[in-house]
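Letter 56 of the sequence shown, counting from 1, is numbered 56 in the numbering used here, and no numbers are missing.
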Amino acid sequence: DYYIYGGTPPYSISSTFPASVTLVNNFVAKSGGFFEAITNGACVNPLQFTIVDSAGKQTTASLINTPGSAAPPSAPALSIAPGAVAATSCSGKTFTFLPTGGTPPYNAYLAGFAGAAPPTLTPSVIPAEGGTVTVSFGSPEPITGTTTIVIGDSTVPQKTVSAVITCTAPVIPPVVVPPLNITPGAAGTATTSCVNQIFNFSVTGGTAPYAVSFSAVPPASGLISPTAIANSGGGFTVTGLQDTTTGGARLTNIAVRDSGSPQLVQIVGITCQ
Numbered sequence: 001d002y003y004i005y006g007g008t009p010p011y012s013i014s015s016t017f018p019a020s021v022t023l024v025n026n027f028v029a030k031s032g033g034f035f036e037a038i039t040n041g042a043c044v045n046p047l048q049f050t051i052v053d054s055a056g057k058q059t060t061a062s063l064i065n066t067p068g069s070a071a072p073p074s075a076p077a078l079s080i081a082p083g084a085v086a087a088t089s090c091s092g093k094t095f096t097f098l099p100t101g102g103t104p105p106y107n108a109y110l111a112g113f114a115g116a117a118p119p120t121l122t123p124s125v126i127p128a129e130g131g132t133v134t135v136s137f138g139s140p141e142p143i144t145g146t147t148t149i150v151i152g153d154s155t156v157p158q159k160t161v162s163a164v165i166t167c168t169a170p171v172i173p174p175v176v177v178p179p180l181n182i183t184p185g186a187a188g189t190a191t192t193s194c195v196n197q198i199f200n201f202s203v204t205g206g207t208a209p210y211a212v213s214f215s216a217v218p219p220a221s222g223l224i225s226p227t228a229i230a231n232s233g234g235g236f237t238v239t240g241l242q243d244t245t246t247g248g249a250r251l252t253n254i255a256v257r258d259s260g261s262p263q264l265v266q267i268v269g270i271t272c273q
């Protein structure tokens, strides 16, 4: 700071090397006011200021600017946080990264990406330390693989650092198919006589729809209704069975088949005396 006294205010100030110094308040309105000189590192000797008052009188001041002997400080190491991210599928997700160190501004770009199309990287230029860059994936389908983000600073030669997003395939739990059941269906339905009897059954489990049929040659008068069941919990009836006439008991088996792969089959029997 240079303070000016005397003469006839106001004062105007100029320098012999305008490119080497920035003048603040280069027009001083009153005696006792000051102007400020800010050097920019260029070494000129001497750097001289000319001060002229409103009557045309002038004086000078000098600034001796000699080269320094200390080495300029090196920029801190360039880094990015986080350096690695893992996610189960990256579809529809956004990840944020913070570059620090080096010499801003920073440039950001993708060195490789997962998925059929590159994710959106915003911004491509981070003007100052403290700014962040985001990587956003679209959501047409599950995205798997690795995406690499590279940050380069403004030093010469340029420093670079990278971060990796690893996208893994979603885990699809196996489909558990409940067992196929016919109720009642333990050892079959026994009766003293099958004449004019209606036998009712329900089907649960497995994979609907179900097909119902006699598992062997159907009895001459036997009837199943319906033979197709759309949903678990549906039922069918068996009618028209006759008693045996040759001694011993007659066993009629009915098979229920589901629509799964592999197909599940369950058999229930009706015993006629």
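Even for Gly, the Cβ is constructed at its ideal location relative to N, Cα and C.
Length at least 4, wholly inside the region 174 to 224: the alpha helix (DSSP H) runs in chain order: none
Distance between Ala42 and Val52 (C-alpha atoms, nearest Å): Here residue 52 refers to the residue found at position 52 when the sequence shown is read from its first residue. Here residue 42 refers to the residue found at position 42 when the sequence shown is read from its first residue. Their backbone Cα atoms lie some 25 angstroms apart in a straight line.
Under the three-state DSSP convention, the category Ala128 falls into: Here residue 128 is taken as the residue at index 128 of the sequence shown, counted from 1. If DSSP states are grouped into helix, strand and coil, Ala128 belongs with coil.
Alpha-carbon to alpha-carbon, Gly131 and Asn45: If you number the sequence shown from 1, residue 45 lands on position 45. If you number the sequence shown from 1, residue 131 lands on position 131. In a straight line, the C-alpha of Asn45 is about 40 angstroms away from that of Gly131.
Where Pro99 sits in the DSSP three-state scheme: Within the sequence shown, the letter at position 99 stands for residue 99. In this structure, Pro99 counts as strand in the three-state DSSP scheme.
Straight-line Cα distance separating Ser261 from Asn253: Stepping through the sequence shown from its first residue, residue 253 is reached at position 253. Stepping through the sequence shown from its first residue, residue 261 is reached at position 261. About 23 angstroms.
Limits of the unbroken beta strand (DSSP E) element including Ser253: Taking the first residue of the sequence shown as 1, we reach residue 253 at position 253. Just to set this straight, residue 253 is Asn in the shown sequence, not Ser. Start and end: 250 to 257.
Whole-angstrom distance between Pro76 and Ala111, CA atom to CA atom: Here residue 111 refers to the residue found at position 111 of the sequence shown. Here residue 76 refers to the residue found at position 76 of the sequence shown. So the alpha carbons of these two residues sit roughly 24 angstroms apart.
Whether Ala208 touches Ser225 by CB criterion (7 angstroms): Here residue 208 is taken as the residue at index 208 of the sequence shown, counted from 1. Here residue 225 is taken as the residue at index 225 of the sequence shown, counted from 1. Contact: no.
Three-state class that DSSP yields for Ser261 in the structure shown: Here residue 261 is taken as the residue at index 261 of the sequence shown, counted from 1. If DSSP states are grouped into helix, strand and coil, Ser261 belongs with coil.
Minimum Cβ-Cβ distance from Ala55 to chain D less than 7 angstroms: Going by chain labels, chain D is absent from the structure shown, which holds only one protein chain.
Burial state of Leu47, where buried means 16 or more other Cβ atoms lie within 10 Å: Locating residue 47 in the sequence shown gives position 47, counting from the first residue. Counting Cβ neighbours within 10 Å, Leu47 comes out buried, since at least 16 surround it.
Nearest neighbour of Gly108, chosen from Gly115, Leu98, Ala114 [CA to CA]: Locating residue 108 in the sequence shown gives position 108, where the first residue counts as 1. For clarity, residue 108 is Ala in the given sequence; the question names Gly instead. Nearest of Gly115, Leu98, Ala114 to Ala108, Cα basis: Leu98.
Whole-angstrom distance between Thr183 and Val177, CA atom to CA atom: Counting from 1 along the sequence shown, the entry for residue 177 is found at position 177. Counting from 1 along the sequence shown, the entry for residue 183 is found at position 183. C-alpha separation (whole angstroms): 18 angstroms.
Neighbour-count burial assignment, Val161, 16 or more Cβ in a 10 Å radius: Mapped onto the sequence shown, residue 161 falls at position 161. Result: buried.
Backbone CA spacing between Val21 and Gly102 [nearest angstrom]: In the sequence shown, the residue the question calls residue 21 occupies position 21. In the sequence shown, the residue the question calls residue 102 occupies position 102. Near 27 angstroms, if we compare the C-alpha coordinates of Gly102 and Val21.
Nearest-angstrom Cα separation, counted from Gly152 out to Gln158: Counting from one through the sequence shown, the residue named residue 158 turns up at place 158. Counting from one through the sequence shown, the residue named residue 152 turns up at place 152. Using only the alpha carbons, I get a separation of about 6 angstroms.
Val268 versus Pro142: straight-line alpha-carbon distance, rounded: As a position in the sequence shown, residue 268 is number 268, starting the count at 1. As a position in the sequence shown, residue 142 is number 142, starting the count at 1. The alpha-carbon atoms of Val268 and Pro142 are separated by roughly 45 angstroms.
Rounded Cβ spacing between Thr244 and Cys272 (contact assumed at less than 8 angstroms): Start at 1 with the first residue of the sequence shown, and residue 244 comes out as number 244. Start at 1 with the first residue of the sequence shown, and residue 272 comes out as number 272. Right, the Cβ-Cβ distance comes to about 6 angstroms (below 8 angstroms), so this counts as a contact.
Per-residue DSSP class, three states only, for Ala42: Locating residue 42 in the sequence shown gives position 42, counting from the first residue. DSSP places Ala42 in coil when its eight states are reduced to three.
Buried or exposed by the 16-neighbour rule on C-beta atoms within 10 Å, applied to Tyr11: In the sequence shown, residue 11 corresponds to position 11, counting from 1. Classification for Tyr11: buried.
Rounded Cβ spacing between Glu129 and Pro170 (contact assumed at less than 8 angstroms): The sequence position of residue 129 within the sequence shown is 129, counting from 1. The sequence position of residue 170 within the sequence shown is 170, counting from 1. Contact flag wrong, Cβ pair sits at about 37 angstroms.
Three-way DSSP call (helix, strand, coil) for Ser12 in this model: By one-based count along the sequence shown, residue 12 stands at place 12. Reduced to three states, the DSSP call for Ser12 is strand.
Top-ranked residue by Cα proximity to Cys294, from Val24, Val133, Ala87: Shown here, the chain extends from 1 to 273; a query on residue 294 therefore has no answer.
Element boundaries [beta strand (DSSP E), containing Ile143]: Here residue 143 refers to the residue found at position 143 of the sequence shown. Ile143 -> no beta strand (DSSP E), and no H or E assigned at all.
Beta-carbon proximity list for Leu251, same chain, < 6 angstroms, skipping 5 on both sides: For the purposes of this step, residue 251 is taken as residue 251 along the sequence shown, with counting starting at 1. So the qualifying residues of the chain are Gly269, Thr271.
Cβ-based burial, Tyr210 [other Cβ within 10 Å; buried from 16]: Residue numbering aside, residue 210 sits at position 210 when the sequence shown is read from its first letter. Tyr210 is buried by the Cβ-count criterion.
Gln263 to Pro179 span [Cα, whole Å]: Position 263 of the sequence shown holds residue 263. Position 179 of the sequence shown holds residue 179. Rounded to the nearest angstrom, the two C-alpha atoms are 11 angstroms apart.
Nearest-angstrom beta carbon gap, Leu241 and Pro218 [assumed within contact, 8 angstroms]: Here the question's residue 218 lines up with position 218 in the sequence shown. Here the question's residue 241 lines up with position 241 in the sequence shown. Contact doesn't hold; Cβ gap of about 10 angstroms is too wide.
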